[in-house]
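Engineer:
Number of protein chains: 2
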Amino acid sequence: MLADSNAGTVAPKNEPVYRMVVRSIQTKIMSGEWVVGDRIPAETTLAADFGVHRSTVREAIRVLEQNGLVRRHDGGKLLYVTAPREADISDKVTAAIVLHEITFFELWESMRYLEPALAVCAADRIDDDLLAALQANVERTKAALEDKQSLVELDIEFHQIIARASRNRALQLSREPMSQLFYPAFLKVFSRLNAGERLVFAHERILQALGRRDPVEARSWMEKHIVDFRRGYELANLDIDSPVAWLK
Amino acid sequence: MLADSNAGTVAPKNEPVYRMVVRSIQTKIMSGEWVVGDRIPAETTLAADFGVHRSTVREAIRVLEQNGLVRRHDGGKLLYVTAPREADISDKVTAAIVLHEITFFELWESMRYLEPALAVCAADRIDDDLLAALQANVERTKAALEDKQSLVELDIEFHQIIARASRNRALQLSREPMSQLFYPAFLKVFSRLNAGERLVFAHERILQALGRRDPVEARSWMEKHIVDFRRGYELANLDIDSPVAWLK
DNA sequence: TCCCCATTTATTGTCGGACAATAATTGGCG
DNA sequence: CGCCAATTATTGTCCGACAATAAATGGGGA
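Top to bottom, those sequences are chains A and B.
Per our numbering, the very first residue in the first sequence carries number 3; after that it's consecutive.
Per our numbering, the very first residue in the second sequence carries number 3; after that it's consecutive.
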């Protein structure tokens, strides 16, 4: 029986068995004993290995799955070790932000600091591919000035590309969930204001700065861009101190 | 039957029933129909309500629980709606960072931008209580120059207090998991180098700046402080480009 | 009246087993 | 050697059961 195979973690007393199974498997994964891509034994096998009922194993799997440590390939039955995806994290942070009634101001302020930081990193590290993608994005944005929906989507993409260009996955991980909640508000602003020109202008300046690998300018324009958005938010008569809402 | 009570979310075809139950409950919570603090019906009741077996409900609960939307009060059986705790998020981000083999450099760089931002916010908003706590922390740090372990713990606390003082929960949420992975490295540096004096010096400058509500100075010293740490990391002969490891 | 404790009830954690649907594997055939 | 059909493995869901224990209840006593 593998009941005590959870080396390196402390076992809370009265811990339910299914959580013991979780810790056991989690430890194997985090410590590298089971590597990303490895297949995980079938539920019945695990049940036998751990000496517990299959239902118990299933509950453990639900937990691991939710943590993104384990996943079934689309439409498949086999279970594999995986690294958590951005979305795994993002969704949970999003829920946390909403339920804690974090205000739009807090979100905006975070972006106010995060985005310029990402721009600085990107200026140092952006490659030609991403630069081209950014260029293309700006072109499409120019062509979509009238279509609010596309405008918002293109803006999301613009910032996402920069985030990737930063080559800092930790910063990206922080940014992602916020941007998700940030941008719905964006749509509101855009449908109330005609801010397309200003947006394109800022994006162009940022793009140019990145093209010149100029971190100072990139940061500066990004900062202006984000600060500008806040003005738009207020001009559109939206309350910046109200909690972020959940959409869909 | 509440099978289609998941208004507002798209139902993937062939979605397992337990995930349908998850979405249904999640929607109730996120939309505010069920409010934080509300008691959630017993498993048998839910099973009856949804017209499914209790095992199925239990799997759904494991998922919700993992997302931090639902929790049993310590040692209790009753299930309540809750807002996700920092730790709920933090643990998952930590796992993600490790399994994606994110480097210490990425982590450091994130802090390099996050901490100064937090310092700026804190300079604007810190209250006398937190200022006093910070003061006390610095005093204790001065007295613990020889005890590496305490030194690290006090440093963690110092930065945590500033994070709280920022009054920006979104930024705090971003910072938390990184600091968790950041600081083990800290211990290594401290046990190899005698950097206590430098640490206290920086903390004092930051404290003073915050006391004067001077965001510029606060940011500047925080920045120096973090940059300085990187030098320590390299002086201690640690590889900044190696992936962050998992401890315990 | 109101609080405390013993008793009853409700609820969870775990187990055993079953079955249909379907993904994965195997084996035979061209 | 590759493709398709038959076989096997595996999951998703269900039924039912039971011990442990938390929660609710209902009297006594202060």
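Ideal Cβ positions, reconstructed from N, Cα and C, are used throughout, including at glycine.
Can you have a look at residue 214(A) and say buried or exposed, based on whether 16 or more other CB atoms are within 10 angstroms of its CB?
Structural biologist: Here residue 214(A) refers to the residue found at position 212 when the first sequence is read from its first residue. Counting Cβ neighbours within 10 Å, residue 214(A) comes out exposed, since fewer than 16 surround it.
Engineer: Rounded to a whole number of angstroms, what is the C-alpha to C-alpha distance between residue 9(B) and residue 19(B)?
Structural biologist: As a first step, residue 9(B) is located in the second sequence; it is residue number 7 there, counting from the start. As a first step, residue 19(B) is located in the second sequence; it is residue number 17 there, counting from the start. Any answer about residue 9(B) is weak, because its pLDDT of 47 lies below 50 and its placement is not dependable; what the coordinates show is given next. Rounded to the nearest angstrom, the two C-alpha atoms are 16 angstroms apart.
Engineer: Nearest CA to the CA of residue 23(B): which residue from 45(B), 39(B), 38(B) and 34(B)?
Structural biologist: Within the second sequence, the letter at position 21 stands for residue 23(B). The candidate whose alpha carbon is nearest that of residue 23(B) is 45(B).
Engineer: Could you tell me the distance, in whole angstroms, from the CA atom of residue 30(B) to the CA atom of residue 105(A)?
Structural biologist: Working through the second sequence from its first residue, we reach residue 30(B) at position 28. Working through the first sequence from its first residue, we reach residue 105(A) at position 103. When rounded, the distance between both Cα atoms is 21 angstroms.
Engineer: Which value, in whole angstroms, describes the spacing of the CA atoms of residue 209(B) and residue 126(B)?
Structural biologist: The residue given as residue 209(B) occupies position 207 in the second sequence. The residue given as residue 126(B) occupies position 124 in the second sequence. Going from the Cα of residue 209(B) to the Cα of residue 126(B) covers about 13 angstroms.
Engineer: Anything in chain B within Cβ reach of residue 23(A), meaning under 9 angstroms, just list it in chain order.
Structural biologist: Here residue 23(A) refers to the residue found at position 21 when the first sequence is read from its first residue. Those within 9 angstroms of residue 23(A) in chain B number zero; the least Cβ separation is about 11 angstroms.
Engineer: Our contact map puts residue 179(B) next to residue 99(B) with C-beta atoms below 8 angstroms; I'd like the distance itself, whole angstroms only.
Structural biologist: Here the question's residue 179(B) lines up with position 177 in the second sequence. Here the question's residue 99(B) lines up with position 97 in the second sequence. Indeed they touch by this definition, with Cβ atoms about 7 angstroms apart.
Engineer: So which residues of chain B does residue 70(A) contact, with C-beta pairs closer than 9 angstroms?
Structural biologist: Counting from one through the first sequence, the residue named residue 70(A) turns up at place 68. Result: 94, 97, 98 and 101.
Engineer: For a cutoff of 9 angstroms on Cβ pairs, would you count residue 67(A) as touching chain B?
Structural biologist: Your numbering for residue 67(A) matches position 65 in the first sequence. Yes - at least one Cβ of chain B is within 9 angstroms of the one on residue 67(A).
Engineer: Inspect the CB distances between the region 225 to 241 of chain A and the region 186 to 206 of chain A and report whether three or more fall short of 8 angstroms.
Structural biologist: Because the criterion of three Cβ pairs below 8 angstroms is met, the region 225 to 241 of chain A and the region 186 to 206 of chain A touch.
Engineer: Rounded to a whole number of angstroms, what is the C-alpha to C-alpha distance between residue 176(A) and residue 103(A)?
Structural biologist: Taking the first sequence and counting its residues from 1, one reaches residue 176(A) at position 174. Taking the first sequence and counting its residues from 1, one reaches residue 103(A) at position 101. Cα to Cα, the separation comes out at about 18 angstroms.
Engineer: Mind checking which residues open and close the alpha helix (DSSP H) that includes residue 48(A)?
Structural biologist: In the first sequence, counting from the first residue as 1, residue 48(A) sits at position 46. Where residue 48(A) is concerned, the enclosing alpha helix (DSSP H) stretches over 45 to 52.
Engineer: Compute the distance between the beta-carbons of residue 49(B) and residue 56(B), then report whether it is under 9 angstroms.
Structural biologist: One-based indexing of the second sequence puts residue 49(B) at position 47. One-based indexing of the second sequence puts residue 56(B) at position 54. In this structure, residue 56(B) lies closer than 9 angstroms to residue 49(B) by Cβ.
Engineer: So with CB distances below 8 angstroms, who are the chain A contacts of residue 248(B)?
Structural biologist: Taking the second sequence and counting its residues from 1, the one referred to as residue 248(B) is at position 246. Under the 8 angstroms cutoff, chain A gives 32 and 33.
Engineer: For residue 73(A), list the residues DSSP reports as bridge partners.
Structural biologist: On the first sequence, position 71 is the one that residue 73(A) refers to. Per DSSP, 82(A).
Engineer: Taking C-beta pairs closer than 9 angstroms, name the residues in chain A that residue 119(B) reaches, listed in chain order.
Structural biologist: Start at 1 with the first residue of the second sequence, and residue 119(B) comes out as number 117. Within 9 angstroms Cβ-Cβ: 111, 112, 114, 115, 116 and 119.
Engineer: What does a CB cutoff of less than 8 angstroms around residue 153(B) pick up in its chain, not counting 5 residues either side in sequence?
Structural biologist: Residue numbering aside, residue 153(B) sits at position 151 when the second sequence is read from its first letter. Excluding residues within five positions, the ones whose Cβ falls inside 8 angstroms are 143, 146, 147, 192, 198 and 201.
Engineer: Counting Cβ pairs, one atom from each stretch, are 3 or more of them under 8 angstroms apart for the region 127 to 139 of chain B and the region 149 to 164 of chain B?
Structural biologist: Touching, yes.
Engineer: Using C-beta distances below 6 angstroms, list every residue in its chain close to residue 107(A), excluding the 5 sequence neighbours before and after it, in chain order.
Structural biologist: Along the first sequence, read from residue 1 onward, the residue named residue 107(A) stands at position 105. Only 242 and 243 meet the Cβ criterion.
Engineer: Could you pull the DSSP bridge partners for residue 105(A) from this structure?
Structural biologist: Taking the first residue of the first sequence as 1, we reach residue 105(A) at position 103. 245(A), per the DSSP bridge assignment.
Engineer: Taking a Cβ distance cut-off of 9 angstroms, strictly less, list which residues of the region 39 to 56 of chain A are near chain B, in chain order.
Structural biologist: For the region 39 to 56 of chain A, which is checked against every Cβ of chain B, not one residue is closer than 9 angstroms.
Engineer: Please confirm if residue 4(B) has its CB atom under 9 angstroms from at least one CB of chain A.
Structural biologist: Along the second sequence, read from residue 1 onward, the residue named residue 4(B) stands at position 2. In this prediction, residue 4(B) has a pLDDT of 39, which is less than 50 and means its spatial position is unreliable; nothing more can be read from the coordinates.
Engineer: Considering only C-alpha positions, which residue in the set 66(B), 36(B) and 47(B) is nearest to residue 21(B)?
Structural biologist: As a working mapping, residue 21(B) is identified with position 19 in the second sequence. Selected option, being the one with the closest Cα: 66(B).
Engineer: Just to make sure I have the definition right: I need the residues of chain A whose C-beta is within less than 7 angstroms of the C-beta of residue 64(B). Which are they?
Structural biologist: Numbered from its first residue, the second sequence carries residue 64(B) at position 62. Under the 7 angstroms cutoff, chain A gives 61, 64 and 65.
Engineer: Along the region 159 to 189 of chain A, what residues have a CB closer than 7 angstroms to any CB found in chain B?
Structural biologist: Residues 170, 171, 172, 173, 175, 176 and 180.
Engineer: Can you find a CB in chain A that lies within less than 9 angstroms of the CB of residue 228(B)?
Structural biologist: Looking up residue 228(B) in the second sequence gives position 226. Taking Cβ atoms only, chain A never reaches closer than 9 angstroms to residue 228(B), which makes this a no.
Engineer: Could you check the C-alpha separation between residue 28(A) and residue 121(A) for me, to the nearest Å?
Structural biologist: Taking the first residue of the first sequence as position 1, residue 28(A) is located at position 26. Taking the first residue of the first sequence as position 1, residue 121(A) is located at position 119. In a straight line, the C-alpha of residue 28(A) is about 36 angstroms away from that of residue 121(A).
Engineer: Would you identify the three-state DSSP class for residue 63(A), choosing helix, strand or coil?
Structural biologist: Taking the first residue of the first sequence as position 1, residue 63(A) is located at position 61. In the structure shown, residue 63(A) sits in a helix (DSSP, three-state: H, G or I).
Engineer: What does the alpha-carbon distance come out to for the pair residue 221(A) and residue 119(A)?
Structural biologist: To locate residue 221(A), count along the first sequence from 1; it is residue 219. To locate residue 119(A), count along the first sequence from 1; it is residue 117. Rounded to the nearest angstrom, the two C-alpha atoms are 7 angstroms apart.
Engineer: Residue 101(B) and residue 89(A) look like a contact to me (Cβ under 8 angstroms); what is the Cβ gap, rounded to whole Å?
Structural biologist: Within the second sequence, the letter at position 99 stands for residue 101(B). Within the first sequence, the letter at position 87 stands for residue 89(A). The Cβ separation is near 15 angstroms, so there is no contact.
Engineer: Mind checking residue 196(A): buried by the 16 CB within 10 Å criterion, or exposed?
Structural biologist: On the first sequence, residue 196(A) is found 194 positions in, with the first residue counted as 1. Result: exposed.
Engineer: Which first and last residues belong to the alpha helix (DSSP H) in which residue 234(B) is found?
Structural biologist: Residue numbering aside, residue 234(B) sits at position 232 when the second sequence is read from its first letter. Looking at the DSSP string, the run of the alpha helix (DSSP H) that includes residue 234(B) is 217 to 237.
Engineer: Reducing DSSP to helix, strand and coil, say where residue 27(A) ends up.
Structural biologist: The count along the first sequence starts at 1 and reaches residue 27(A) at position 25. If DSSP states are grouped into helix, strand and coil, residue 27(A) belongs with the helices.
Engineer: Kindly list, in the order they appear in chain B, the residues whose Cβ is closer than 8 angstroms to that of residue 85(A).
Structural biologist: Within the first sequence, residue 85(A) is the residue found at index 83, counting from 1. Per Cβ cutoff of 8 angstroms: 98, 101 and 102.
Engineer: Can you tell which of 238(B), 205(B), 249(B) and 15(B) has the C-alpha that lies nearest to the C-alpha of residue 117(B)?
Structural biologist: Residue numbering aside, residue 117(B) sits at position 115 when the second sequence is read from its first letter. Taking only the C-alpha atoms, the option nearest residue 117(B) is 205(B).
Engineer: If you draw a straight line from the alpha carbon of residue 139(A) to that of residue 160(A), how long is it in whole angstroms?
Structural biologist: On the first sequence, position 137 is the one that residue 139(A) refers to. On the first sequence, position 158 is the one that residue 160(A) refers to. Those two C-alpha atoms are separated by around 6 angstroms.
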